[in-house]
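K.L.:
Set out below in structure tokens:
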């Protein structure tokens with residue numbers, strides 16, 4: 453049953469009028485209370501609401517728990533002696549503290565104006581600290597950015613190590629391999645920051661030598677320059693006849709990375725699939 457709107461309107465007005473008369477008719481909401489009225493109000497409140505113990509702040513309780521006997525603060529970041537020339541495996545002793553610690557160390561070193569040491573700390577993240585995929589991507593981007601800022605290790609060529617890069621391939625691919633190998637040797641020298649000089653030794657596999665039916669093998673080894681210099685084992689990959697030179701370069705890098713990871717304390721980083729990417733400095 454619906455009520456007519458005049459009856460509803462009168463009922464609403466009556467309700468509002470009753471509330472005003474019974475509740476707020478004699479109240480003054482404009483004039484501020486006097487000091488005497490405030491004092492009387494405080495007295496009534498003290499009687500009705502006696503002092504109760506203050507509940508502790510949960511955030512303070514959490515902070516106290518962290519400062520308790522079981523709390524271990526984060527280890528300090530040790531920059532080391534910044535006056536001496538860094539070595540190639542600088543900060544490897546801090547790798548056990550994890551990738552996050554080395555990343556904070558690298559950012560702090562860059563803030564102190566030490567891009568060469570910051571670059572070394574970023575490299576330790578990759579080769580010594582087992583970073584997760586996100587940390588790996590961040591580290592690679594920071595290394596790319598810092599490579600142009602860090603000074604060369606061996607600008608004058610003193611104490612340069614000479615190595616020979618031996619490559620053998622089927623004769624039809626000899627010219628193609630030579631172009632790839634020359635670029636690859638220059639890349640090794642550049643990555644070593646002047647610490648390595650690479651001499652190429654390229655030869656063709658003789659007719660009837662090692663090869664398969666549908667693929668031609670590329671054989672590679674590294675050695676010193678002397679007659680009795682140590683040498684690596686022969687490393688081999690299968691090259692499709694239609695492979696682009698960039699594919700051969702990647703396979704050569706993979707061979708060297710696999711060899712390095714098997715006999716050196718520093719693990720090679722993953723292949724950088726996006727060399728054109730850039731990054732901003734990280735702050736701590």
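In our numbering, the protein residues as written are 453 to 736.
Just so it is clear, CB atoms sit at the ideal spot from N, CA and C, and this is done for glycine as well.
#1: Exposed or buried, what is residue 542 when buried is set at 16 or more other beta-carbons lying within 10 Å of its beta-carbon?
#2: So residue 632 and residue 657 are in contact, right, with Cβ under 8 angstroms, and what is the actual spacing, rounded?
#3: Please determine, among 556, 538, 581, the residue with the shortest C-alpha to C-alpha distance to residue 572.
#4: Does the Cβ-Cβ distance between residue 554 and residue 576 come in under 8 angstroms?
#5: What residue from 599, 561, 547 has the CA that sits closest to residue 764's CA?
#6: In whole angstroms, what separates the C-alpha of residue 663 from that of residue 687?
#7: Measure the CB-CB distance between residue 626 and residue 637 and report whether it falls below 8 angstroms.
#8: My output table needs one value for residue 687: the three-state DSSP class, helix, strand or coil.
#9: Just mark residue 466 as buried or exposed, buried being the case when its beta carbon has 16 or more other beta carbons within 10 Å.
#10: Measuring straight from C-alpha to C-alpha, what distance separates residue 697 and residue 545?
#11: If the criterion is Cβ atoms closer than 8 angstroms, does the pair residue 588 and residue 598 meet it?
#12: Do you know offhand how far residue 667's Cα is from residue 690's?
#13: Decide if residue 586 is buried, meaning its Cβ has at least 16 other Cβ atoms within 10 Å, or exposed.
P.N.:
A quick look at the data gives this:
#1: By one-based count along the chain shown, residue 542 stands at place 90. Classification for residue 542: buried.
#2: For this step, residue 632 is matched to residue 180 along the chain shown. For this step, residue 657 is matched to residue 205 along the chain shown. 16 angstroms between Cβ atoms; not a contact.
#3: Residue mapping note: residue 572 aligns to position 120 of the chain shown, counting from 1. Nearest of 556, 538, 581 to residue 572, Cα basis: 538.
#4: Numbered from its first residue, the chain shown carries residue 554 at position 102. Numbered from its first residue, the chain shown carries residue 576 at position 124. Yes, they are a contact pair.
#5: Because the chain is modelled from 453 through 736, residue 764 falls outside the range shown and cannot be assessed.
#6: By one-based count along the chain shown, residue 663 stands at place 211. By one-based count along the chain shown, residue 687 stands at place 235. In this prediction, residue 663 scores a pLDDT of 46, lower than 50, which makes its location untrustworthy; the coordinate-derived value is nonetheless stated afterwards. Going from the Cα of residue 663 to the Cα of residue 687 covers about 14 angstroms.
#7: The residue labelled residue 626 in the question sits at position 174 within the chain shown. The residue labelled residue 637 in the question sits at position 185 within the chain shown. Not closer than 8 angstroms, so no.
#8: In the chain shown, residue 687 corresponds to position 235, counting from 1. Reduced to three states, the DSSP call for residue 687 is strand.
#9: Along the chain shown, one-based indexing puts residue 466 at 14. Flag for residue 466 reads exposed.
#10: As a position in the chain shown, residue 697 is number 245, starting the count at 1. As a position in the chain shown, residue 545 is number 93, starting the count at 1. For residue 697 and residue 545, the distance between alpha carbons rounds to 39 angstroms.
#11: Reading the chain shown from its first residue, position 136 is the one you call residue 588. Reading the chain shown from its first residue, position 146 is the one you call residue 598. No, the Cβ-Cβ distance between residue 588 and residue 598 is not below 8 angstroms.
#12: Walking along the chain shown from the start, residue 667 turns up at place 215. Walking along the chain shown from the start, residue 690 turns up at place 238. Only weak support exists for where residue 667 lies, its pLDDT of 46 falling under 50; the coordinates are left without a value.
#13: Looking up residue 586 in the chain shown gives position 134. By the 10 Å Cβ count, residue 586 comes out exposed.
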